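If you read the sequence shown in this note's numbering, its first letter stands for residue 484, the second for the next number, and so on.
Here a beta-carbon is modelled for each residue, glycine too, at the ideal position from N, C-alpha and C.
Just so you know, these numbers come straight off a predicted model, no measurement behind them.
In what follows, a single structure is set out as structure tokens and then discussed.
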Amino acid sequence: MIAPSLADEAQRAVDLLKPYGISLLEAARAAVEKRKAELASKSIEDALEAFLKTKSGRSDVHLKAYGYMKRGLLESFPGRMMSSITGAELLEHTEEATSTPSTFNALARLIGAFWRWCAKHPRDWCDARTAEVLERKDFSREEIGVLTAKQCRKLLDAAVKHYSDCVPGFAISLFTGLRKAELGRLRKDDITTAGINLPASSVKIKRRRFIQMPAPLAAWLKAYPVQETVLPANWHKKEKAVRRLAGWKVWSDFVEPHEPPTNLPEWPHNALRHTHASVHVALGKPLESLIFEFGHSGGTQTLKSHYVGVMPKAEANKILKIRP
484 MIAPSLADEA QRAVDLLKPY GISLLEAARA AVEKRKAELA SKSIEDALEA
534 FLKTKSGRSD VHLKAYGYMK RGLLESFPGR MMSSITGAEL LEHTEEATST
584 PSTFNALARL IGAFWRWCAK HPRDWCDART AEVLERKDFS REEIGVLTAK
634 QCRKLLDAAV KHYSDCVPGF AISLFTGLRK AELGRLRKDD ITTAGINLPA
684 SSVKIKRRRF IQMPAPLAAW LKAYPVQETV LPANWHKKEK AVRRLAGWKV
734 WSDFVEPHEP PTNLPEWPHN ALRHTHASVH VALGKPLESL IFEFGHSGGT
784 QTLKSHYVGV MPKAEANKIL KIRP
């Protein structure tokens, strides 16, 4: 005899599955298969350690490249089982870790080799097809993706509501355009009422930068001051959760279900940095000033080719008016 509570739970499960045409038994079988795959899998930490032992005889350049790959994967997927990492997540990770088609292609080759090795019998720790999303990019100019004022507001509101200790990180990213690596190295003492100091050791081009404090950022930091560290503990997981809760297609450990609905939009590559640059180009800020604050190593051509005409002036003004 089935207990009433179990029967009720089964009926609720059936109701959840009905719109998708999936029976309760099919769902149970899929869950069991997924669990079996997880149990037969390896953590990404253990898999990387085993894989890199096979590369010990490679050149210093090759080992350095694999070391870079390892650091990035461990940062994005700490504690995850290989079988639980999706193709969409791998693609997002690779796009966020690189800035040009050539660097994307280089990292994609390394990750692809790692994934195929882990998928081979008798290891069978993951599905080699997962890495097939990392298709080679050509070198033609691609349109950048930026956020609208409404999307920026929704993102910051999600941080305020769910993880208020993440608000400074999101606000700094949006209103200064810092690279993710630069944001990660930022210290509380680097932020003053006048602006943000970026020592040479913290930036990509190895040249000190100073960013004057934008009015909207000052307002956000006053309402949500930086605590002991600029980025809170578990930033990478919380940051993904905030983006997911703001309506983006992002896998998250902190949101149920972890796998995002397929109808959500993809998060644009370097969305906050590109939005910041597009705002100031739209408002007519001198490109020479923006080059220094933005940390570009080249001339004005990159900014002209990528950001001019991307955002209407009215939309840019709306973004700069976003306040707590």
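(1) May I have a chain-ordered list of the beta strand (DSSP E) segments no shorter than 3 residues that lie completely inside the stretch 672-748?
(2) In angstroms with no decimal places, state the Cα-to-Cα distance between E711 and P807.
(3) Starting from S585, follow its DSSP beta bridges and name the residues at the other end.
(4) Identify which residue in I805, T676, F693 has its Cα closest to the Cα of P682.
(5) Quick check on N753: buried or exposed, where buried means 16 or more other Cβ atoms within 10 Å of its Cβ?
(6) Residues in its own chain within less than 7 Å of L657 by CB, not counting five upstream and five downstream?
(7) Nearest CA to the CA of F466: which residue from E528, F587, L535?
(8) Nearest to E578 by CA position, among L766, E665, P751, is which residue?
(9) Can you tell me the Cα-Cα spacing of A765 and I679, whole angstroms?
(10) If we call anything under 9 Å between Cβ atoms a contact, is L638 one with R726?
(11) Let's see if you can read the secondary structure: which residues bound the alpha helix (DSSP H) around V616?
(12) Starting from the C-beta of C601, find all residues in its chain whose C-beta is less than 6 Å away, skip the five residues before and the five after it, and write them out in chain order.
(13) I655 and V713: beta carbons closer than 9 Å?
(14) Anyone know if the C-beta pair for E749 and W731 falls short of 9 Å?
(15) With 16 as the cutoff for other CB atoms within 10 Å, does P708 come out buried or exposed?
(16) Using a Cβ-Cβ cutoff of less than 8 Å, which residues in the same chain neighbour L666 once the five nearest sequence positions on both sides are dropped?
(17) Among the candidates K525, D673, N588, whose CA atom is the shortest distance from the CA of I568?
(18) Does S526 come out as helix, strand or coil in the three-state DSSP assignment?
(19) Assuming the contact rule is C-beta atoms closer than 8 Å, A614 and G595 should be a hit. Round their C-beta distance to whole Å, please.
(20) Between which two residues does the alpha helix (DSSP H) harbouring L630 extend?
(21) Classify M794 as helix, strand or coil using the three-state DSSP reduction.
(22) Compare the Cα-Cα distances from E798 to each of L556, K501, A632 and report the closest residue.
So, from the data block:
(1) 678-681, 692-695
(2) 21 Å
(3) S585 is not bridged to any residue.
(4) F693
(5) buried
(6) Cβ within range, chain order: C635, L755, T758, H759.
(7) No information on residue 466 is available, as it lies outside the stretch 484 to 807 that the chain covers here.
(8) P751
(9) 23 Å
(10) yes
(11) Premise fails: V616 is in no alpha helix (DSSP H) and is neither H nor E.
(12) A530, M565, W608, C609
(13) Yes, the pair counts as a contact, with Cβ atoms nearer than the cut-off.
(14) For E749 and W731, yes; Cβs fall inside 9 Å.
(15) exposed
(16) G652, I655, S656, V713, L714
(17) For the options K525, D673, N588, the alpha carbon positioned closest to that of I568 is the one of K525.
(18) strand
(19) In this structure, A614 and G595 form a Cβ contact; the two beta carbons are roughly 5 Å apart against a cut-off of 8 Å.
(20) Run containing L630: none; DSSP gives neither H nor E here.
(21) coil
(22) A632
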